[in-house]
Every structure is written in structure tokens, then in C-alpha cells.
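Each step along the sequence shown adds one to the number in full-length UniProt numbering, with nothing skipped, and position 478 is 478.
All C-beta atoms, glycine included, are put in the ideal place defined by N, C-alpha and C.
This report refers to the structure that appears directly beneath it.
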Amino acid sequence: MDSFKSLQDEISKALVSTTRSATRIAGADIAFQRSLNPDVATVLDAQTERLCQLAQRLLESAAASSDAVGPKLSDVEAIDGNWRAVVDIIDSLLEKADTSLDEYTGVVKRLSPSADPGTTTPRPNIAERKHLPKPQLAFEHVPTNDETGPFRPLLVTKPHAKIPLEECLKTFKDANGREQYPQPYQTEIETYEFPQAVYEHAEPIQYPPFEETTATFVDTPEAVDAMLAELKEAKELAIDLEHHDNRTYIGMVSLMQISTRDKDWIVDTLKPWRRKLECLNEVFADPSILKVLHGSYMDVIWLQRDLGLYLVGLFDTFHAARSLGYPGASLAYLLERHVNFKAQKQYQMADWRTRPLSPELFDYARADTHFLLYIYDKMRNELVERSDFSNPEKNKVHDVQEKSKEYALQRYEHPVYDRELGLGPVGWHKVISKSPVTFTPQQFAVFKAVHEWRDTLSRREDESTFFIMPNHALFSIARSMPLDKPALFTAIQHVSHLVRSNADELVRVINQAKEEGADGPEMSAVLTKIADMREAEKAAKYASETPKKAAPAQVAAPDVQSPLQSGLAVSERLPSSSFWGSLWSSQPKQDEQRILDIALALPLPPLNADIFAESNIKSEASTPKPEKPQYVRKEDRPQEDQRTDMFVVKQLGGKKRKRTEASEAGTPAKPALDPMTNDEIMLDGADASDDEAAARAARKAARKAEKKQKKAEAQAAALEATGAPAFDYANAPTVLHAADEQAKKEARDRKKDKKLQKKKGFQGFAGMADAPKGLPRAQKEVAGRSKTFTK
1 MDSFKSLQDE ISKALVSTTR SATRIAGADI AFQRSLNPDV ATVLDAQTER LCQLAQRLLE
61 SAAASSDAVG PKLSDVEAID GNWRAVVDII DSLLEKADTS LDEYTGVVKR LSPSADPGTT
121 TPRPNIAERK HLPKPQLAFE HVPTNDETGP FRPLLVTKPH AKIPLEECLK TFKDANGREQ
181 YPQPYQTEIE TYEFPQAVYE HAEPIQYPPF EETTATFVDT PEAVDAMLAE LKEAKELAID
241 LEHHDNRTYI GMVSLMQIST RDKDWIVDTL KPWRRKLECL NEVFADPSIL KVLHGSYMDV
301 IWLQRDLGLY LVGLFDTFHA ARSLGYPGAS LAYLLERHVN FKAQKQYQMA DWRTRPLSPE
361 LFDYARADTH FLLYIYDKMR NELVERSDFS NPEKNKVHDV QEKSKEYALQ RYEHPVYDRE
421 LGLGPVGWHK VISKSPVTFT PQQFAVFKAV HEWRDTLSRR EDESTFFIMP NHALFSIARS
481 MPLDKPALFT AIQHVSHLVR SNADELVRVI NQAKEEGADG PEMSAVLTKI ADMREAEKAA
541 KYASETPKKA APAQVAAPDV QSPLQSGLAV SERLPSSSFW GSLWSSQPKQ DEQRILDIAL
601 ALPLPPLNAD IFAESNIKSE ASTPKPEKPQ YVRKEDRPQE DQRTDMFVVK QLGGKKRKRT
661 EASEAGTPAK PALDPMTNDE IMLDGADASD DEAAARAARK AARKAEKKQK KAEAQAAALE
721 ATGAPAFDYA NAPTVLHAAD EQAKKEARDR KKDKKLQKKK GFQGFAGMAD APKGLPRAQK
781 EVAGRSKTFT K
């Protein structure tokens, strides 16, 4: 970890230095320097060639681990011409980085061991891996990829059942109206509770030494029976899977690792009789045996899809790591944290279909479960120590149980392709939503058509979609819309043997989609439609899950405080503001709509009884209730110039200032206007506030005059004593900030000069000779008519 940190720091420093140098170069006039000094031009050409070669080597190295082909960057013009290929390589690397980050953080299950760039062990030969025979062709139940109906559970029997198997095979309609089979062990999983031992602190049980033990390889039905007999005696099991999905459409479980406290097994799940492993439900569905897995989100799906196995009593250490707030949640992090064991990750391209397994692959698979029960002991103790079992919100063990149940309750469904909206795990919407690309209607139609063609071919050939064509190739085809095979091969560069053999079919699909896309929908409109539909589904789901509010009681209990009495904000939103009291409610019915249209510009803070308690008592004792104003119909009202019921409420601040000025000048203040004869009135209490303001202003003026008098006396005394006036500190120029004052003065002078120039009029050639100018840039010859100049 320290070596990686030091390497990261060195790379960061180099990048900062390079960025600064590039910024300085960009700020210089390179073309001018080139034309001024031939030696500089030679050095620039040499450096450009070196940078192009370095960029090409980097792209070739990046393309070696991706599905793209590195472009040839011989000069600057070649970069512009091959920029699309550079973008494809970067897109491919970003896709792999996104997947690797998800696997590292534990969000998704890793599909194969991740790579460790610090190791020196050579990678397996990729070419040999691609030519391995497909084991799924020898299965007793060959996988079919074109099923669109509901997935029927593979169970033949249901051990440890609370609900009989026959009742679990009755279909239902899901939210999309499709027929589905329920999760056979749904009732058993929902009613499961962790045993009492999970809620108790206990000393972790030490694992057997990894170097001194080995695992039993299970590849026969007899070995399965022997393993099952030993598993029934255990109280906890650690389980993990190795999955392969590169040369098959839906994927397949290649290995299963199972460990008890003192023994490890590795089960070969690629045997033709793999469905007989369903007998493991006798321990997998046993609620008295705790099953410990890490990141079981995909394991649950793979087990029921390929082997008909279900987990009752799941404890997922991924959720435990999240509940404990660990900085990392991957299995590699837990191994290094609790066991100080560094997993061997150099087999990035390992193929778990390989038989026999190499010793390195065998040990790597065994390490995934050999230490897992010991890690469970350590994390269980931490959960117990940091939990408050009397408070459900602080019961971390219960949180892990509920989240583990959510994983165990998942159901596998056949992947159904949706061409119109592209939803689902195999749809085009998931691919295009992760990219900021913007397509025309024709390009959008081509993208959808090619995506569907790739999915159809993958199902037919039982290959993964990425093996046939990577995602960045889909975007390249949609952008260029090639109309023949040479243009197609140029657009995607990396051409698999299946794409090459079906190129004619793909070209026809592109041409047809291009014609249909001329009148097709806009990409933005379709994406907006999908987003609105999903928002509506979320809103409906939220409304259905939100518990209904209880009806308010007719008579409140005397010991229960209302929201206003307790000082809490009212949760319900009123249809109209009651800030103005009953003023608007007193208006006639025919004018009600006009009054309700008046809205406040800003929301009011929550009000409580304490704010108005004292003011309400005073107002009730001293203020009489105003009489309701008499309403006059519109047709009976006089003209505006003859009306006497109109008035303007003016701000008190302006009146205060005017009255203060009048009092200082010695003139009487202007009396308040009569609301019956004038168009202006003052609010109640204005006279008192004006008198107070006048008194404050008078006191302030007296203090100012007194201060001025004292200052004059001090200056006179200093002049009489020393013959020079006293130093005025307030108006003296600053010493510390003299430069700033000088700059401000110069800025004011320049501003005055500009104003004078504006008054004089426009002077077009002013300031042209203020600074020297260099040679102009060299102009390239352009095609066109010749130019004739005359004197």
C-alpha cells in the first residue's frame, strides 16, 4: 500500500509539472516563434514527433488490454484523422475501470479474479482460452436463451418447507403484467431469525493453517454425497462461487467453494449431472445452519438459475462491512484487515472452465471461503459491541439480517429484450444512459437496431454480447452508419469472427434502420419519456408504501399538546395562507376568487403560541374588533378620479426621515393626513414612532456638535502651545497601504480621463502606438481567386 501511495504521488507531481508546462506553451505564440527562429522550428518538430510516438505507444498498450485497435499517429494531422479511434480506446478503458470499481467496492460480484499489476506472473494465453470447448453443450439440460415466459424453479423437492412446493409453483402477474413464478422459499426466508449466538460476543474460532491444509475436489456424485453428510453436522458454512460469462449468453457457475470450521471443498459445477447438486438444499435451506457469503447479490441468482439452490439463513459480510462503516467492503479488503492475507489476483484473464485446475487457481478459489468464517466471527463481535439491542434503530445485527434477506429473496427471470424502450438487464437504455452521446434520429435508430442484432446473434450462438461486439463499437457504427462491409470493418476496427461471418446481415440491418430512422423519434424525446415513466412508477410505489395517516380525533385529550402549543411546525400544508387572519374571509362570495389569487412571495416561518401569547393578551384587552367593511358593487362605484375610498400605504421610513429633517430645521412636522379627505394615510402608531425618531435624531446631532466643538478646542490649544496645528490622525494619509491608495487615485484619474474623452467624441486611432507589435502569423495559401491591389 505504501509503494502504491509513493507511486501515486510521483505520478501526480509529474502530471502537475506537465500540465503547467503545457499551459505555458499554450500561452505562447508558437507560430510567431517558429517564423522568427528556424532553430526553434526544428526543435518543435522533433518534440512533436517524440510526443506522437509516445502517445502511439500508450494507445497501443491500452488497446492490448481492450477490444479496440490502436491508431497510427505519425504526425499532428494523423491525430485529427484518427481521433475517433483514440476515443474508442478511451471509452473501452473507462468501461473496464467502471466495472473494476464496482467489483472492488463490492457493489457487484466479480466475474473473474481481478488483476494485480505489481505481480510478475504471466497471464494465461487468451487465444488458447477462446478455443476451449463449451462445456454447456454436454449438459443434460442444455441452456436455452430464447425463452420469454416465466422462469420455473428447478426444484424437484423442497426440504425444510413451511409452504409445500405445489403451492409455490402458482404463477402471478408482476408490475409489468408478465406472468412469473414466486420465490419458492419466500415464506421461509421472511420468517427467518438469526440464532441467539449471532447476538452474543464470543472468541473467534481460529482457522486451520492455509499452507498446511488443502481442499477436497468434488467431481462425482459419490463425492457430493460424502460432502453433504459432513455439511449436515456443521453450524456455519462459508460459500462462494466462480462464474463464467464470456463464452455463453446467460453465464454459468463454474466452481462452488464450501468451507466449514475445519475443512474446505471445491465442487465442479460444469459436470453434465450438475442438476443433481439440488440435494445441497438439505443444508442450504436449513434454518439451523448459518450460511456466510460475501457480496451474495449475484450468487443468489446464479444458484437458483443453474443449480436450483436457495439460501435460508444468509449472513452477508458485505452488509456487515457497510454497517460497521469500513472504508472498504471487498473480500480482499476483509482478508487483509482481519487475517493479514493478501489474495493472489494476478489471474485477470483466468478461465474457470479450465480442467484440470492449476495449483494457483485451486488455491485462489479455496482462499475465498477458507478464512470467511473467522472473518464472520470478528465482524459479529464488532456488530454486537456497537449495537443497542433495546433500540431497533441502533441494532446493527438486525440491519445485517434484513439486508441479507433482501438479497436471499431475489428471483431469477429470463432476460426479455425490449426494443422500443430498451429497459431490462439486456436492453439498450442501460448502455446509452451511461454515455453523454447525442444521436440524430437516424443514428439513434441504427444504434437500437445494431444493439438488437447483437443480442439476437448472442442468443443464437450462445456467446456473450461483449465477445461478439463491445459497446464502443456500437457507438462507432451508429455515428458513421456504414453502408457496406469495408466501411463497417473500418468503423469498428475490432472484428470478431462472428461479426465477420455475419457482416452482410449486419449491413442490411444498418441500411434498413437508417431508412426507418429518417422519420423516427428524437433520442432526447425517447429518453425523456422513459425518465417520466420511471418517475411515475417511483411515485406510485412511494404512495403505496407510505402508511396512511390516522384520522384526527374529534376531541383532543387534555394532556396532549397541539403543534402550536408544543412549538412544532405543522406538517400539513393549508390550502391558503391564514397570515392575515379573517380579513379575506369577510369578503363577499362573488369577490372570493379574486382575493384567493393573492399569494405571498416568501414562505413564513413556523409559528407557535409562545410568539403571540403576550401580544394576544394585550390586543384582546385594549383593541376593539374592527367593523366589517361594507362592500359596494363595481357598477355602483364612482369613477377613479371621484373616489374617496382609495389610499396608498407608504413606508414609515420615508416619513420618519422627512419629519426628522423638519424638526432639525426648526419647522413643525407635517401633520398626519386625514384618510377621509386625502389619498395618503399613516398606519396606527406612526405618530409615536415619529416622535421617538425625532428625539433620537436630536440627541445624535447634539453629540456630533459636541464632538466637533471639542476637536476645534484641541486644535486651538495645540496651535497656541506649539505654533502648529494638531496632527489629524483621522484624515492623515495611510502609511502601510500607501501603494493601494496611490493605485486607487490613479484609477480614479483614468476614469475621469475616459469621461473627458467621451465628451470630446470618438477618436478611432487613439492608443494604437502604446505598445510594440510583433510580426503577424504566417498565412497559409488558400484556394480561390487571386487578389489585385492598386495604389
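Scanning its chain for C-beta atoms nearer than 6 Å, with the 5 sequence neighbours on each side dropped, one finds around TYR249 the residues ASN145, SER458, ARG459 and ASP462, in chain order.
Taking 8 Å as the upper bound for CB-CB distance, LEU307 and VAL253 are in contact here, some 7 Å apart. The Cβ-Cβ distance between ILE239 and ILE258 falls below 8 Å.
Per DSSP, the unbroken alpha helix (DSSP H) holding LYS430 starts and ends at 429-432. Contact check for ALA513 against ALA449 passes: the beta carbons are separated by less than 8 Å. Counting every other CB atom within 10 Å of its CB across the protein chains shown gives HIS497 a total below 16, marking it as exposed. Per the DSSP secondary-structure output, LEU255 pairs in a beta bridge with GLU242 and ASP268.
Between LEU373 and VAL283, the CB-CB gap reaches or exceeds 8 Å. The DSSP-derived three-state label of GLU515 is helix.
For ALA695, the three-state secondary structure derived from DSSP is helix.
Within the UniProt domain "HRDC" (440-520), complete alpha helix (DSSP H) segments of at least 4 residues are found at 441-461, 465-468, 471-480, 485-492, 497-501 and 503-517, given in chain order. Secondary structure at ALA41: helix, using DSSP grouped into helix, strand and coil.
According to the DSSP secondary-structure assignment, THR216 is paired through a beta bridge with TRP265. For ALA175, same chain residues with a beta-carbon under 8 Å away, outside a window of 5 residues either side, are GLU537 in chain order.
Fewer than three pairs of CB atoms, one per stretch, sit closer than 8 Å, so the segment 418-426 makes no contact with the segment 487-502. For LEU361, the enclosing alpha helix (DSSP H) begins and ends at 359-370.
The C-alpha of ARG261 is placed about 8 Å away from the C-alpha of ILE205.
DSSP lists LEU237 and LEU314 as the bridge partner or partners of LYS291. PHE172 sits in a strand when the DSSP states are folded into three classes.
Judged by DSSP in its simplified three-state form, GLU95 adopts helix. Within a 10 Å sphere around the beta-carbon of TRP83 sit fewer than 16 other beta-carbons, which makes this residue exposed.
Non-local C-beta neighbours of ALA332 in its own chain, meaning closer than 6 Å and more than five positions away in sequence, comprise ALA343, ordered along the chain. Closest by C-alpha distance to LEU506, out of THR191, MET469 and VAL526, is MET469. The C-beta distance from ILE375 to HIS338 rounds to 5 Å, short enough to meet the 8 Å contact threshold. Secondary-structure assignment with DSSP links GLN180 through a beta bridge to PHE172. Distances from the alpha-carbon of PRO221 to those of PRO272, PHE444 and THR465 put PRO272 closest. For PHE284, the enclosing alpha helix (DSSP H) has its first and last residue at 281-284. Comparing C-alpha distances from GLY328 to each of GLN53, LYS711, ARG20 and LEU101 shows the shortest one belongs to LEU101.
ILE205 carries a coil assignment under DSSP once its states are collapsed to helix, strand and coil. When the five nearest sequence neighbours on each side are left out, the beta carbons in the same chain lying within less than 8 Å of the beta carbon of LEU383 are those of ALA320, SER323, LEU324, LYS396, VAL397 and VAL400, in order along the chain.
8 Å or more divides the Cβ of ARG355 from the Cβ of HIS141.
Look at VAL156 here: in three-state DSSP terms it is coil, with no helix or strand label. Taking a C-beta distance under 8 Å as the contact criterion, LYS403 and ILE189 do not qualify as a contact pair. With a cutoff of 8 Å on beta-carbon distance, VAL426 and ASP455 are scored as near each other.
When DSSP states are grouped into helix, strand and coil, PHE32 belongs to the helix group. In this structure LEU277 is not in contact with TRP352, their Cβ atoms being roughly 16 Å apart against a cut-off of 8 Å.
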